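Visitor: Top to bottom, those sequences are chains A and B.
When the count follows this note's numbering, it moves up by one through the first sequence with no breaks and lands on 364 for the last residue.
When the count follows this note's numbering, it moves up by one through the second sequence with no breaks and lands on 1364 for the last residue.
Structure below; questions to follow.
2 protein chains.
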Amino acid sequence: MVKQQNEVIEKIRDEAGGVYGKIRRKQKPQMKLPIRTLSNVRYRPSGGYLQLRGKNKTRTLTVNTVKTFAQTLKMLAMSMELIGSDRHSTKREAYYQAYNWGEASFASQEESDTVMDDVEAMLGVNRERMHFRADEHGGEVAGELIVVDTDRRTGRRLEIDCTRFGSGAYSVPTVVEELQFKTQAKFLLAVETKGMFERLVEEDFYDKHHCILVSMGGVPSRACRRFIRRLADEKKLPVHVFTDADPYGYFNIYRTLKVGSGNAAHLNEFFCVPQARFLGVTPEDILEYKLPTHPLKEVDRKRALDAMRNDPFIRHHKGWQQAIERMLKMGVRVEQQALAKHGLEFVAKTYLPNKLKASDRFLP
Amino acid sequence: MVKQQNEVIEKIRDEAGGVYGKIRRKQKPQMKLPIRTLSNVRYRPSGGYLQLRGKNKTRTLTVNTVKTFAQTLKMLAMSMELIGSDRHSTKREAYYQAYNWGEASFASQEESDTVMDDVEAMLGVNRERMHFRADEHGGEVAGELIVVDTDRRTGRRLEIDCTRFGSGAYSVPTVVEELQFKTQAKFLLAVETKGMFERLVEEDFYDKHHCILVSMGGVPSRACRRFIRRLADEKKLPVHVFTDADPYGYFNIYRTLKVGSGNAAHLNEFFCVPQARFLGVTPEDILEYKLPTHPLKEVDRKRALDAMRNDPFIRHHKGWQQAIERMLKMGVRVEQQALAKHGLEFVAKTYLPNKLKASDRFLP
Chain A
1 MVKQQNEVIE
11 KIRDEAGGVY
21 GKIRRKQKPQ
31 MKLPIRTLSN
41 VRYRPSGGYL
51 QLRGKNKTRT
61 LTVNTVKTFA
71 QTLKMLAMSM
81 ELIGSDRHST
91 KREAYYQAYN
101 WGEASFASQE
111 ESDTVMDDVE
121 AMLGVNRERM
131 HFRADEHGGE
141 VAGELIVVDT
151 DRRTGRRLEI
161 DCTRFGSGAY
171 SVPTVVEELQ
181 FKTQAKFLLA
191 VETKGMFERL
201 VEEDFYDKHH
211 CILVSMGGVP
221 SRACRRFIRR
231 LADEKKLPVH
241 VFTDADPYGY
251 FNIYRTLKVG
261 SGNAAHLNEF
271 FCVPQARFLG
281 VTPEDILEYK
291 LPTHPLKEVD
301 RKRALDAMRN
311 DPFIRHHKGW
321 QQAIERMLKM
331 GVRVEQQALA
341 KHGLEFVAKT
351 YLPNKLKASD
361 RFLP
Chain B
1001 MVKQQNEVIE
1011 KIRDEAGGVY
1021 GKIRRKQKPQ
1031 MKLPIRTLSN
1041 VRYRPSGGYL
1051 QLRGKNKTRT
1061 LTVNTVKTFA
1071 QTLKMLAMSM
1081 ELIGSDRHST
1091 KREAYYQAYN
1101 WGEASFASQE
1111 ESDTVMDDVE
1121 AMLGVNRERM
1131 HFRADEHGGE
1141 VAGELIVVDT
1151 DRRTGRRLEI
1161 DCTRFGSGAY
1171 SVPTVVEELQ
1181 FKTQAKFLLA
1191 VETKGMFERL
1201 VEEDFYDKHH
1211 CILVSMGGVP
1221 SRACRRFIRR
1231 LADEKKLPVH
1241 VFTDADPYGY
1251 FNIYRTLKVG
1261 SGNAAHLNEF
1271 FCVPQARFLG
1281 VTPEDILEYK
1291 LPTHPLKEVD
1301 RKRALDAMRN
1311 DPFIRHHKGW
1321 QQAIERMLKM
1331 GVRVEQQALA
1341 KHGLEFVAKT
1351 YLPNKLKASD
1361 RFLP
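Structure follows, in structure tokens:
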């Protein structure tokens, strides 16, 4: 953990040292940043995520850039301080702390968020490692996992056993960089809703199948994605994803978890989960399990067609194209809770076990 | 716990027995339900919540009501089954299970939700006790509290120590009816955002002030409100609430937590937290702590004026009227994170300790 932090401090020192050196030599200091627009994004299955093509922009210190230039350096200094005091700051707290920067303070939080994104892209590390955090829900965990954290008060190692929370769960913090893991689980199952998560806990699913359950609560947050990624990497765990059968479940949830999103491509490297495979619900399940459906809305149809045309991940995978075409042809969407038609325990006792037996049929 | 469940089962048997008896005597069976509209709501400070005035409607079995009548009885039967099998069903799962009710199945989930609300109001218990649950986030907890739950797999008692989650937290389940508590804490502090919650955890706030921290994550969910209510009742704990100084923080978050909401008045009895007092942020704090502000938006202004005119809780409390008038006059709102202007630790080391010393100045 200490090593990780030193890496970030070194990167900050390098960047600041470069600027300082140029100024000492009476040259114009510069900073180089990757361009963060969709046109600079591509999907490489080998990398496993939507990534930047590598185009950079250079920010040179001039009369016009002086304010942003100063803000960028102050933001780096704030990160150094945070690491030094072992504190984390939300984006909003960072914005308010910058009230004391005199002429370099921000006119709005959008401005400070942009500078934070710049700094993140410039250093090539996710901002959580710079001790900045998002103010969002990190997902919930239950199952065969021990999370190893540190007790701040004593500095002692703390083992958090995720089988011992009864009907409750472990709530993932917004910064997961320093967590460690102990597990014998066979796989991780990430589910769309808290309702389905609690269903599976209630049916003793993780006990019977030796797995870890994660509730994403809709589109997974940065913390939730990073948690799954780190855990899957370090413990070589397969990640199965279980969402509704609709464009929102497919693209906004599954695609985001697996390969990241287009508008934060400088981050996907840290947040993607290339191990993820889509278990269900699929359009095939509608027929196989005679599930109650809802008609696709116009917005669903548009989202699906748009993904077929423009989403590099979908365009790369024939399996997804076929699934989407089938969904559009059938004209319906299905919720994962629809399985309750066959009884509350059906999902845990029949549907998921059937799926797990045929994992080669999971969508990529 | 078993006693609680028996109470609900008895209520269901009474209701169903009444219907059955009438039918046997060849009379038209009836069900009596409280009317759930704003016109039937009042605020009584002695009761501590927005409550129904007591007007009822009677549903008699006729050709026109036969479907709803059947659905209501089937919903009661489903609850009996759930309690018997010690399972809980989300509202959505209940809707899908009802697919097997033949002619009594629902056309949409809105229909089944309405029948569930009816049943809840009719029996006068919250639906969690009937083993129905909402699919929502229950809030997060850290601090001097041991939650006592049951391990489903062994039936054994499980003690969950909320000081042992490191940077993470205990995630409250959607049904908290059967949880028990052990604590020596002096108070409970409910905060608006996860960011502020993590700030206070990071500053060892609960350790130094012997308290329990709860992150509501915006407007508190049913589970979060019920959790705080049960805990505060059973352990005689004061509840302090810490939100932004804006109409959303005052009415949507604080007012909902304390007295409930107008459109679910048949439930406020179970979900209100009469112990709650508003610690801050107040309009006075802006001047006292020289906090950075944002101008009130038109929607804020409208919400505030509407509350002054129509909200029975606000109309009852002069302290709140003065605070709102002051806010409108100043024309600004403040976020709780604005305290970070004075350093990240300021909120934990200065602001909150100052407030706690003058708890008689909390808003009602």
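Every residue gets a Cβ at the ideal spot worked out from N, C-alpha and C, and that includes glycine.
Model, not experiment: these values are computed from the prediction.
Between which two residues does the beta strand (DSSP E) holding A/G280 run?
Guide: Counting along the chain, the beta strand (DSSP E) containing A/G280 begins and ends at 276–280.
Visitor: What does B/S1089 touch in chain A if you count any residue whose Cβ is under 8 Å from its own?
Guide: By Cβ distance, chain A contributes A340, L344.
Visitor: To the nearest angstrom, how far is the alpha carbon of A/R44 from that of A/V259?
Guide: Distance between the alpha carbons of A/R44 and A/V259: 10 Å.
Visitor: Starting from A/P34 and walking both ways along the beta strand (DSSP E), at which residues does that stretch end?
Guide: Unbroken beta strand (DSSP E) run through A/P34: 30–34.
Visitor: Tell me whether B/F1271, by its Cβ, gets closer than 7 Å to a heavy atom of the ligand HEM.
Guide: Inclusion of the ligand HEM in the displayed structure is not the case, the ligand content being empty and no account of it being possible.
Visitor: Hey, is the region 1150–1159 of chain B in contact with the region 1105–1125 of chain B, meaning 3+ C-beta pairs nearer than 8 Å?
Guide: With the cut-off at 8 Å, the region 1150–1159 of chain B and the region 1105–1125 of chain B do not touch.
Visitor: Against chain B, with Cβ distances strictly below 8 Å, would A/D117 count as a contact?
Guide: Closer than 8 Å: no.
Visitor: For B/V1115, does the three-state DSSP call read helix, strand or coil?
Guide: Helix.
Visitor: Between the beta-carbon of A/A94 and the beta-carbon of A/F69, is there less than 8 Å?
Guide: Contact flag unset, no.
Visitor: Any beta carbon of chain E sitting closer than 8 Å to that of B/L1257?
Guide: Protein chains in the displayed structure are A and B, and chain E is not among them.
Visitor: Rounded to whole angstroms, what is the Cα-Cα separation between A/V347 and A/M78?
Guide: Answer to the nearest angstrom: the Cα atoms are 49 Å apart.
Visitor: I'd like the list of long-range same chain contacts for B/T1150, defined as Cβ closer than 8 Å, with 5 residues on each side in sequence excluded.
Guide: Cβ within range, chain order: R1156, R1157, L1158, E1178.
Visitor: With DSSP as the reference, identify every bridge partner of B/H1294, one or two as the case may be.
Guide: In the DSSP output, where bridge partners are listed per residue, B/H1294 has B/R1333.
Visitor: So that I know if they touch, is there some Cβ in chain B lying closer than 8 Å to that of A/D135?
Guide: Yes - at least one Cβ of chain B is within 8 Å of the one on A/D135.
Visitor: For B/P1292, which residues in chain A fall below 8 Å Cβ to Cβ?
Guide: Per Cβ cutoff of 8 Å: Y96, Y99.
Visitor: Between the alpha carbons of B/A1265 and A/V119, how many angstroms are there, rounded?
Guide: Cα-Cα distance, rounded: 49 Å.
Visitor: Using three-state DSSP, classify A/C162 as helix, strand or coil.
Guide: If DSSP states are grouped into helix, strand and coil, A/C162 belongs with coil.
Visitor: What does DSSP give as the partner residue(s) for A/G143 in the beta ladder?
Guide: A/G143 pairs with A/I212.
Visitor: How about A/P220: is its C-beta nearer than 8 Å to some C-beta of chain B?
Guide: Not an interface residue.
Visitor: Under 9 Å, CB to CB, which of the residues in the region 1171–1185 of chain B have a partner in chain A?
Guide: Per Cβ criterion, the list reads S1171, V1172, P1173, T1174, V1175, V1176, E1178, L1179.
Visitor: Are B/G1319 and B/L1363 close, meaning C-beta to C-beta below 8 Å?
Guide: Cβ atoms of B/G1319 and B/L1363: closer than 8 Å.
Visitor: Would B/D1117 and A/G195 qualify as a contact pair, given that the criterion is a beta-carbon distance under 8 Å?
Guide: No. Outside cutoff.
Visitor: Going by beta carbon distance, what residues of the same chain come within less than 6 Å of B/R1326, once the five residues before and after it are set aside?
Guide: Result list for B/R1326: P1283, in chain order.
Visitor: How would you list, in chain order, the residues of chain B whose beta-carbon sits under 8 Å from the beta-carbon of A/I160?
Guide: Residues of chain B passing the Cβ test: R1164, F1165, G1166, G1168.
Visitor: State the Cα-Cα distance for the pair A/L279 and A/L82, rounded to the nearest angstrom.
Guide: Rounded to the nearest angstrom, the two C-alpha atoms are 41 Å apart.
Visitor: Going by Cα to Cα distance, which pick from B/L1145, B/Q1180, B/T1065 is closest to B/Y1170?
Guide: It is B/L1145 whose Cα lies nearest to the Cα of B/Y1170.
Visitor: When the Cβ atoms of the region 1021–1033 of chain B are set against those of the region 1229–1245 of chain B, are three or more pairs found closer than 8 Å?
Guide: At 8 Å Cβ cutoff, the stretches do not touch.
Visitor: As a quick exercise: from B/I1212, B/A1338, B/F1251, pick the residue whose alpha carbon is nearest that of B/K1302.
Guide: Checked all of B/I1212, B/A1338, B/F1251; the closest Cα to B/K1302 is B/F1251.
Visitor: Relative to the C-alpha of B/H1294, which residue among B/P1029, B/L1339, B/E1335 is closest?
Guide: Ranking B/P1029, B/L1339, B/E1335 by Cα distance to B/H1294 puts B/E1335 first.
Visitor: According to DSSP, which residues form a beta bridge with A/Q180?
Guide: Answer is A/V148.
Visitor: Locate the beta strand (DSSP E) running through B/L1188, then write down its first and last residues.
Guide: Element bounds for B/L1188: 1187–1191.
Visitor: Do you know how far the Cα of B/V1125 is from the Cα of B/S1085?
Guide: Whole-angstrom Cα-Cα distance: 19 Å.
Visitor: Does any residue of chain A have a CB that is nearer than 8 Å to the CB of B/R1156?
Guide: It does not: the Cβ of B/R1156 has no partner Cβ on chain A nearer than 8 Å.
Visitor: Measuring CA to CA, which of B/F1313, B/K1011, B/M1308, B/L1339 is closest to B/I1324?
Guide: The residue with the shortest Cα to Cα distance from B/I1324 is B/M1308.
Visitor: A/R59 and A/M31: beta carbons closer than 8 Å?
Guide: In this structure, A/M31 lies closer than 8 Å to A/R59 by Cβ.
Visitor: Hey, A/P312 and A/R42 are a contact pair by Cβ (cut 8 Å); roughly how many whole angstroms apart?
Guide: With a Cβ gap of about 6 Å, A/P312 and A/R42 count as contacting.
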